[in-house]
Amino acid sequence: MPAPLITGWGKCLPPAVLSNTDLEALTDTTDDWISTRTGMKERRVSHVETSDLAAAAGREALAAAGLDPEGLDLVIVATCTPDRLVPSAAALVQQKVGATRAAAMDLNAACSGFIYGLAVADQMIRAGAVRRVLLIGAEKLHFFLDFSDRATSVLFGDGAGAVVLEEAGEDGGLLAFELGADGTAAEILCIPQSGTEGFPGTERRARVQMEGPTVFRRAVEAMGDSALRVLEKAGLGLDEVDLFIPHQANLRIIEATARRLGLDASRVMVNLAAYGNTSAASIPIALAEALEQGRVRPGALLVLAAFGGGLTWAAAAY
Ligand code: ACO
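According to numbering that gives the first Met the number 0, the sequence shown is numbered sequentially starting from 0.
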């Protein structure tokens, strides 16, 4: 059967910029520390909700695909920061973009969510259950940050990226994928009391908590190893990779992973200086920018890899 292909892509970055220098006024940090330890210079902060960012990116992807929203069968929003638990961000997007016929669901695998969603969408199309899917990664992470905590508040940003997947191609598409999780390490990166465990009787808001150095080490291992395994599954070699698009968590994580894979900088997509870590949105935003910059030609081999809360990890050869 024909392979599902990405036929459209888009992104939405809110206009408000929070620079490293701005953060110096909010917490005990410096532009120099953030730049040298993470590679980040600025990030975006959204004044609208996650589903608004998602819908804007989704509309752009639909326009690029030349597809009427009523042609969609399924909307998936990968997010760990939905507007509400009910309805899902995907249901809100379905209404906002006018995808009147589509089913809608959220998928939470934190920063690995977009690749998880890519696998779900691809496999549902291949199974014949749906024909056209709008897959979006969208986050409004700043809502869950404590701006007095310098260890976490400098790392994250808001944004959304989207793709349309259609039963379209003769070959290509998703060649291999791997999805993984280790729930025993859940506490090293989490947003406690953000769900049913709550903050009874207080106005306190849930905040991101993270053991940074442990996450760093496990991210390099998991992204590098899963990228190698998907290439092996696809019967392809590292020399054939045109562009590696990693989750944009930290420049040092990306450089260490690329070194592990033996990929030079010309084959690695990096855009975190402008946006920080946008969790599930980071890979689709980076993919959209790589396409805009002409770094992805027809027939190119892409390898995507991500790591995040859960712990989760995922990789794809596309
Ligand atoms: N500004 C200034 N100093 C800081 C800051 C800051 N923003 N943050 C930490 N420091 C200090 C620490 O207090 C420490 O000081 P000390 O030596 O006096 O105790 C020193 O800097 C070193 O701290 P480390 O935590 O060891 O710094 P490290 O080099 O490991 O960098 C970082 C920290 C950037 C968080 C890194 O560990 C990292 O990127 N980890 C992975 C993060 C990540 O990817 N998380 C998200 C996954 S995505 C998801 O699922 C949501």
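Note that beta-carbon positions come from the ideal geometry of N, C-alpha and C, so glycine has one too.
- Inclusion of Ala279 and Ala137 in the CB contact set at 9 angstroms is warranted, their separation being smaller than that value.
- Taking every protein chain shown into account, the CB of Gln122 has fewer than 16 other CB atoms within 10 angstroms, so this residue is exposed.
- Boundaries of the beta strand (DSSP E) harbouring Lys10: 2 to 11, taken from the DSSP string.
- The three-state reading of DSSP puts Ile190 in coil, since its state is none of H, G, I, E or B.
- Under the three-state reduction of DSSP output, Gly309 falls in the coil class, being neither helix nor strand.
- Sequence-distant partners of Ala289 (beyond 5 residues in either direction) whose C-beta falls short of 7 angstroms from its own C-beta, in its chain, are Leu242, Ile244, Met268, Val295.
- Counting the other CB atoms within 10 Å of its CB gives Leu84 a total below 16, which places it among the exposed residues.
- In the three-state reduction of the DSSP assignment, Gly160 falls in the strand class.
- Ranked by how close their Cα comes to the Cα of Asp224, the residues Arg204, Ala185, Asp238, Ala305 have Ala305 in first place.
- Contact check between the segment 39 to 48 and the segment 189 to 197: fewer than three CB pairs, one atom from each, fall below 8 angstroms, which does not count as touching.
- In this structure, Ala62 lies away from Ile75, with their beta-carbon atoms at least 9 angstroms apart.
- The continuous stretches of beta strand (DSSP E) do not include Ala279, and DSSP gives it neither H nor E.
- The beta carbon of Ala255 lies closer than 7 angstroms to those of Val219 in the same chain, with the five residues before and after it left out.
- Looking only at Arg130, Arg258, Leu271, the smallest Cα-Cα distance to Leu4 is reached by Arg130.
- Annotation for Leu25: Phe146 place their beta carbon closer than 6 angstroms to its own, counting only its chain and skipping 5 residues before and after.
- One thing to note: Asp72 has its Cβ within 9 angstroms of the Cβ of Ala101.
- Val119 sits in a helix when the DSSP states are folded into three classes.
- Taking each of Thr6, Thr311, Ala316, Tyr274 in turn and checking the Cα distance to Ala185, the smallest one comes out for Thr311.
- No heavy atom of the ligand ACO is found nearer than 8 angstroms to the CB of Thr256.
- When secondary structure is reduced to three states using DSSP, Phe198 falls in the coil class, being assigned neither helix nor strand.
- Comparing C-alpha distances from Ala316 to each of Gly308, Ile284, Gly172, Val132 shows the shortest one belongs to Gly172.
- Asp181 has its Cβ no nearer than 8 angstroms to any heavy atom of the ligand ACO.
- With a cutoff of 9 angstroms on beta-carbon distance, Val207 and Thr277 are scored as not near each other.
- Look at Leu17 here: in three-state DSSP terms it is strand.
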